[in-house]
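These notes are about the structure you will find just below.
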Amino acid sequence: MKLAECISKDGKLLLVLLAIPILVQLGLCYFFGGIYIENIPFGIANLDNSSLSRTIVQSFENHPGLDVNYYAASEIELQDAIKAKKIIGGIIIPNNFSQDLSQKKMPKVILLIDGTNLLLANNAQGYSSAILGTFNAQFQLNIFEGKNMLPQAAKQAIAAFSFKDRTLYDPQLSYMCYLTYVATLLIIQFFYLIIYLLPALIEEKKILANDKISLKVLILRGKSLLVRTGTMWITICISSFTGLCLCGRIYSLPVRGNILAYFILMIIFLLALTVMGLVLISFLNKQNYTYFVEFYSIIYTLFLLTSGAVWPEYVMPAGFSQVVKCIWPYIHVANAWKYLSLKGIGWDILWPYIRNGLLFSIAWLVIAIFLHAFKIYRKQKNTVAN
Numbered sequence: 140m141k142l143a144e145c146i147s148k149d150g151k152l153l154l155v156l157l158a159i160p161i162l163v164q165l166g167l168c169y170f171f172g173g174i175y176i177e178n179i180p181f182g183i184a185n186l187d188n189s190s191l192s193r194t195i196v197q198s199f200e201n202h203p204g205l206d207v208n209y210y211a212a213s214e215i216e217l218q219d220a221i222k223a224k225k226i227i228g229g230i231i232i233p234n235n236f237s238q239d240l241s242q243k244k245m246p247k248v249i250l251l252i253d254g255t256n257l258l259l260a261n262n263a264q265g266y267s268s269a270i271l272g273t274f275n276a277q278f279q280l281n282i283f284e285g286k287n288m289l290p291q292a293a294k295q296a297i298a299a300f301s302f303k304d305r306t307l308y309d310p311q312l313s314y315m316c317y318l319t320y321v322a323t324l325l326i327i328q329f330f331y332l333i334i335y336l337l338p339a340l341i342e343e344k345k346i347l348a349n350d351k352i353s354l355k356v357l358i359l360r361g362k363s364l365l366v367r368t369g370t371m372w373i374t375i376c377i378s379s380f381t382g383l384c385l386c387g388r389i390y391s392l393p394v395r396g397n398i399l400a401y402f403i404l405m406i407i408f409l410l411a412l413t414v415m416g417l418v419l420i421s422f423l424n425k426q427n428y429t430y431f432v433e434f435y436s437i438i439y440t441l442f443l444l445t446s447g448a449v450w451p452e453y454v455m456p457a458g459f460s461q462v463v464k465c466i467w468p469y470i471h472v473a474n475a476w477k478y479l480s481l482k483g484i485g486w487d488i489l490w491p492y493i494r495n496g497l498l499f500s501i502a503w504l505v506i507a508i509f510l511h512a513f514k515i516y517r518k519q520k521n522t523v524a525n
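Printed below as a string of structure tokens:
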């Protein structure tokens, strides 16, 4: 099959596979492109109502990350507001807080956070801890100065041990970087395998079932399928990398890797998916394909959850990740694709992922050949018997 014939036959699917990776990446970056989570609904129960407690309340009100829109008269009222989803979190300043603090009785404020939303809970807790930590340091400084210690000496005493943190590659710990890379591969897997490859293989299977199966027929049909599949591979490689570049330009998504490495990883992923398509087609036909699509839709998110990109491999049950690596190729590429984009990792780190992806493809290709050879043998045997 010539390239022009391939484009004519698969023109609509080519356009879909050209557009989908770009649109998915741009869409994810648009939705999750916010650098910081701000204006989190927050409540305060100021039971002390002293000058100090009002100063603390004012600091919470002025913080851009928190939207203090609920003032409770009691601890129970604040808890009920959190349970009713009116606010994400709140702080309780107890009675006699200022007095106990001046008497060095170590009073404690209570921070309540709704943990049902991990993203909002972590940010609300982080913002609140930063505010309270600042007040704690200031109070210690006042104590030292009250003991006739010079202000500079008091600051040095408080900062006798200090540290600075630096988060590499993704300082904002954003969902944009967390999801965009791995979700792109998941969408490509769906459209390439479910929308294009398996229906194409079912069509070829139907044609071969009506023809006399000979080596010449297999070669002709194989060449046609190779040209069509190769065109799809090129389209997906170009569109996925173009999407990354556009996201890097528009939303500052990190794209640090080698261009050749991007294409090699994507080709290995598509090769492995193609091999799995050959395995699956030995069991699928036009009648049961709808049921397979429904089953795939049910387990769709499991590919992401078991890839090691969301939940690290080392905290999975012993041997679980090895089982996943033997069953499906997504885990072999998801982290490598993410690390390549975020860190710009070199070939020495990429090679194990490449090797495992190739070994996976070879192993399942042997299984696919065996399955189809067995089916052909059984069909020929039944034909001779009849």
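Counting with our numbering, you get residues 140 to 525 for the letters of the sequence shown.
For every residue, glycine included, the Cβ atom is placed at its ideal position computed from N, Cα and C.
These figures come from a predicted structure and were not determined experimentally.
Give me the residue from the options with the minimum Cα distance to residue i.
i	options	result
serine 189	Leu165, Pro233, Gly228	Pro233
serine 313	Thr255, Ala220, Tyr169	Tyr169
phenylalanine 171	Ile406, Leu392, Leu489	Leu392
isoleucine 407	Ala475, Glu342, Pro310	Ala475
aspartate 133	Ser192, Asn201, Gln311	Absent from the structure is residue 133, since the part of the chain shown begins at 140 and ends at 525.
threonine 445	Tyr390, Tyr453, Ser460	Ser460
cysteine 384	Tyr401, Ala448, Thr370, Phe181	Tyr401
phenylalanine 181	Trp503, Asp206, Ile346, Tyr175	Asp206
serine 378	Asp187, Ile327, Arg360, Ala223	Ile327
asparagine 178	Leu154, Ile161, Pro203, Asp187	Pro203
Taking the C-alpha atoms as reference points, what is the distance between residue i and residue j?
i	j	result
leucine 165	glycine 382	7 Å
leucine 251	serine 213	13 Å
isoleucine 130	tyrosine 428	The structure shown does not extend to residue 130, since the chain is modelled only from 140 through 525, so no value can be given for it.
serine 480	valine 432	31 Å
alanine 220	isoleucine 226	6 Å
tyrosine 526	leucine 257	Because the chain spans 140 through 525 in this model, residue 526 falls outside it and cannot be assessed.
isoleucine 195	phenylalanine 274	8 Å
glycine 167	leucine 318	Reading off the sequence, residue 167 comes out as leucine, not glycine. When rounded, the distance between both Cα atoms is 8 Å.
alanine 211	proline 246	20 Å
asparagine 208	valine 248	19 Å
methionine 371	isoleucine 420	19 Å
threonine 255	arginine 517	56 Å
leucine 325	isoleucine 159	12 Å
isoleucine 231	alanine 263	14 Å
glycine 369	glycine 416	15 Å
Sort out for me which residues DSSP pairs residue i with in a bridge.
i	result
valine 207	Phe181
isoleucine 232	Asn185
leucine 251	Gly229
Let's test the definition: count the other Cβ atoms within 10 Å of the Cβ of residue i and tell me whether it reaches 16, buried, or not, exposed.
i	result
lysine 464	buried
threonine 413	buried
isoleucine 215	exposed
serine 436	exposed
tryptophan 490	exposed
alanine 507	buried
phenylalanine 477	First, the residue type needs correcting, since residue 477 is lysine and not phenylalanine in the sequence shown. Flag for lysine 477 reads buried.
alanine 411	buried
tryptophan 503	buried
isoleucine 389	exposed
Validate contact between the segment 419-431 and the segment 482-501 using beta carbons, cut 8 Å, 3 pairs | No contact exists between the segment 419-431 and the segment 482-501.
Should the segment 264-278 be called in touch with the segment 194-211, which here means at least 3 C-beta pairs below 8 Å?
-> With the cut-off at 8 Å, the segment 264-278 and the segment 194-211 touch.
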